[in-house]
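Asks: Encoded as structure tokens, here's the structure I'll be asking about.
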Amino acid sequence: MTLCFADYFGKPTWTADAILQMTNEEVASYEGIYRAALQFSRSWLQGQETFQLFTSGSTGTPQPVAISRLQMLASIRATAAALQLSSGQSALVCLNPAYVAGIMMLARGWQLGLHMYLVAPTSRPLQHFDTHMRFDFVAMVPLQLQQSICHQPDKYILDRCGNIIVGGAAMNVALEQATQSVRATVYATFGMTETVSHIALRRINGKHPEADYGLLPNITAQTDERSCLMICGEVTQGRWITTNDIVTFTAPRRFRFEGRADFVINSGGIKIFPEKLEQQIAALQIPALQNKRFIITAQPDEQLGEQVVLVVETNQLPNVEQIVQCLKEKLPRYHAPQHIFCLPQFPQTATGKVNRKELQQLITDASSANSSANI
């Protein structure tokens with residue numbers, strides 16, 4: 186098992202023993218993600234029992250969470266069993282090792298005996314490798330997957346991979362469709378920092394793509410009175426963790442994600458899930474929205490309580506009135522956005538997710554009554 190800084194000058198590579206022998210000065214000579222990777226790796230290899238991780242900040246300020254080594258080992262065993270990972274295989278680490286996704290890639294690598302190749306978490310992590318390179322295990326965010334599909338020779342390397350897990354944000358319809366061209370096995374993940382990375386997987390390509398998530402081994406789940414997911418297992422130290430994720434169970438160990446309870450829009454008494462509505466709009470393939478990020482949120486309305494609005498990441502959007510009319514014709518009543526706002530850049534969390542709460546506050550503060558506005 187080794188760790189290689191594949192995009193660093195000289196491509197330095199360490200065994201576990203070499204990392205344990207590093208001095209504090211040697212570790213400190215590296216910056217950013219490279220130092221973070223070495224610091225965590227040394228702590229893990231020394232047998233540290235508790236680690237402080239930070240939540241992604243999707244619904245607020247990132248919060249510290251104390252995670253035990255036993256929880257991390259339980260997560261590693263579940264992932265290894267589900268994806269048939271074993272000693273001697275190779276793994277690409279292209280996620281930030283300061284957060285749970287990157288940290289768990291390193292922990293899996295050291296615990297399972299993988300050969301790890303770490304690169305900075307850019308949108309095109311595969312561009313640093315020759316086409317003969319093959320990875321048995323890769324974890325990406327949707328943007329990295331999308332860019333890897335769109336660029337050669339990145340796509341060639343992607344096709345040669347074994348298992349690819351994708352998380353950190355929801356994938357849109359277009360990306361899931363594009364993933365059908367990938368020969369590697371691709372899964373969407375479901376999880377959070379408190380559950381030590383993913384607790385469920387959903388196959389999104391191949392002959393039989395899945396609409397529902399399947400729980401990993403040794404995970405128990407149910408819903409509360411809000412239909413929000415509750416999770417229990419070794420990864421939670423046997424305690425029930427209640428999420429704000431609204432789900433529908435389709436089988437004893439399979440569920441469909443509906444949306445976040447904190448983001449539900451109540452318009453005229455109708456509950457609208459922004460994440461699902463975004464998927465519906467993406468499926469319409471409206472030319473003006475192609476290759477642009479957009480988010481569904483709400484603004485206060487005297488009659489409806491809240492009204493749906495669409496926010497597009499762009500400086501300017503042509504034919505706004507036609508887009509609004511098209512959405513009204515294609516979507517159910519109350520679901521069609523009443524206004525479209527343009528924002529040059531979406532606010533993001535430290536892990537690169539769209540900060541929906543901050544975005545909604547920007548919309549609430551906007552005073553325009555036009556059918557479109559620039560923020």
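The numbering used here applies: residue 186 is where the sequence shown begins, and numbers increase by one. Don't be surprised by glycine CBs; every beta carbon is placed ideally from N, CA and C.
Buried or exposed for Leu255, please, with buried defined as at least 16 other CB atoms from any protein chain shown within 10 angstroms of its CB.
Replies: Exposed, because fewer than 16 other Cβ atoms sit within 10 Å of the Cβ of Leu255.
Asks: Figure out for me which residue from Glu211, Tyr215, Asp202 and Asn209 has the closest Cα to the Cα of Phe194.
Replies: It is Tyr215.
Asks: Going by beta-carbon coordinates alone, are Pro327 and Asn357 separated by less than 9 Å?
Replies: Yes, Cβ-Cβ distance for Pro327 and Asn357 is below 9 Å.
Asks: Could you round the C-beta distance between Met257 and Met289 to whole angstroms and report it? I think they count as a contact, below 8 Å.
Replies: At roughly 7 Å, the Cβ-Cβ gap stays under 8 Å, so Met257 and Met289 are in contact.
Asks: On the three-state DSSP scale, how would you describe Lys456?
Replies: The answer is strand: DSSP assigns Lys456 an E or B state.
Asks: With distances taken Cα to Cα, identify the nearest neighbour of Val432 among Ala446, Leu512, Trp199 and Ile426.
Replies: Per the Cα distances, Ala446.
Asks: Going by alpha carbons, who is nearest to Thr240 out of Gln224, Tyr284, Met207 and Leu495?
Replies: Answer by Cα proximity: Tyr284.
Asks: With 16 other CB atoms within 10 Å as the buried threshold, where does Asp550 fall?
Replies: Result: exposed.
Asks: Is the CB of Leu303 under 9 Å away from at least one CB in chain B?
Replies: Absent from the structure: chain B. Only one protein chain is present.
Asks: How would you write the range of the beta strand (DSSP E) that Val323 sits in, first residue to last?
Replies: Element bounds for Val323: Phe322 to Met325.
Asks: Could you give the distance in angstroms between the alpha-carbon of Ser412 and the alpha-carbon of Ala535?
Replies: Looking at the two C-alpha atoms, the distance is approximately 29 Å.
Asks: Please list, in chain order, all residues of the same chain as Thr428 whose beta carbon is under 8 Å from its beta carbon, the five residues on each side excluded.
Replies: Met377, Cys413, Leu414, Met415 and Ile416, listed in sequence order.
Asks: Using the Cβ count rule (16 or more neighbours within 10 Å means buried), how would you classify Arg368?
Replies: Looking at its Cβ environment, which holds fewer than 16 other Cβ atoms inside 10 Å, Arg368 is exposed.
Asks: Apart from the five residues just before and just after Asp397, which ones in its own chain have a Cβ nearer than 7 Å to its Cβ?
Replies: Closer than 7 Å at the Cβ level, and outside the excluded window around Asp397, lie Arg387, Thr435, Arg439, Phe440 and Arg441.
Asks: Tell me where the beta strand (DSSP E) around Val371 begins and ends.
Replies: Thr370 to Met377 is the extent of the beta strand (DSSP E) around Val371.
Asks: Give me the residue from Gln492, Ala473 and Val496 with the minimum Cα distance to Phe479.
Replies: Here the closest residue by C-alpha is Val496.
Asks: If we ignore side chains and look at the alpha-carbon of each, how far apart do Ile261 and Glu211 end up?
Replies: C-alpha separation (whole angstroms): 29 Å.
Asks: Using C-beta distances below 7 Å, list every residue in its chain close to Thr482, excluding the 5 sequence neighbours before and after it, in chain order.
Replies: Only Pro459, Val494, Val496, Arg541, Leu544, Gln545 and Ile548 meet the Cβ criterion.
Asks: Thinking Thr374 and Ile350 are a contact (beta carbons under 8 Å), I'd like their distance in whole angstroms, please.
Replies: Thr374 to Ile350, Cβ: 5 Å. Contact.
Asks: Would you mind working out which of Pro310, Thr316, Glu379 and Gly347 sits nearest Leu330, comparing C-alpha positions?
Replies: Measuring from the Cα of Leu330, the nearest candidate turns out to be Pro310.
Asks: Considering only DSSP beta bridges, list what Ile252 is partnered with.
Replies: Bridge partners of Ile252: Phe236.
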